[in-house]
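Below is one structure; the comments refer to it alone.
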Amino acid sequence: MRALLVIAFVALLSACESPEATRTRGGGPGGDIGNRPESTVRMHEGSRPYYHTPRLVPTEPPSLDPARHARGVGPP
1 MRALLVIAFV ALLSACESPE ATRTRGGGPG GDIGNRPEST VRMHEGSRPY
51 YHTPRLVPTE PPSLDPARHA RGVGPP
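The structure is reproduced here in structure tokens:
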């Protein structure tokens, strides 16, 4: 029983180590987030993702005249 607990404990400890800690890319920085020389990563800089996207919602809100009939109903 004790050997089983030791094996489970060793397996638990080995699972806590990140595989990214030793991975490198061409001798450069690894896959860890903190290994970048810049403080921010700019993705798709200058892109306009919704350019030429048709507007399905009208720019003017709908008229509320059909709802005016409820004016006299209920508390003011």
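Each residue of the sequence shown is one higher than the last, beginning at 1 in the UniProt record's numbering.
Virtual Cβ for every residue (Gly too), placed ideally from N, Cα, C.
- May I ask you to report which of helix, strand or coil DSSP gives Leu56? coil
- Have a look at Ala15 and Ile7 and give me their C-alpha separation to the nearest angstrom. 12 Å
- Message: Tell me which residue opens and which closes the alpha helix (DSSP H) that Ser14 is part of.
- Response: Arg2 to Ala15
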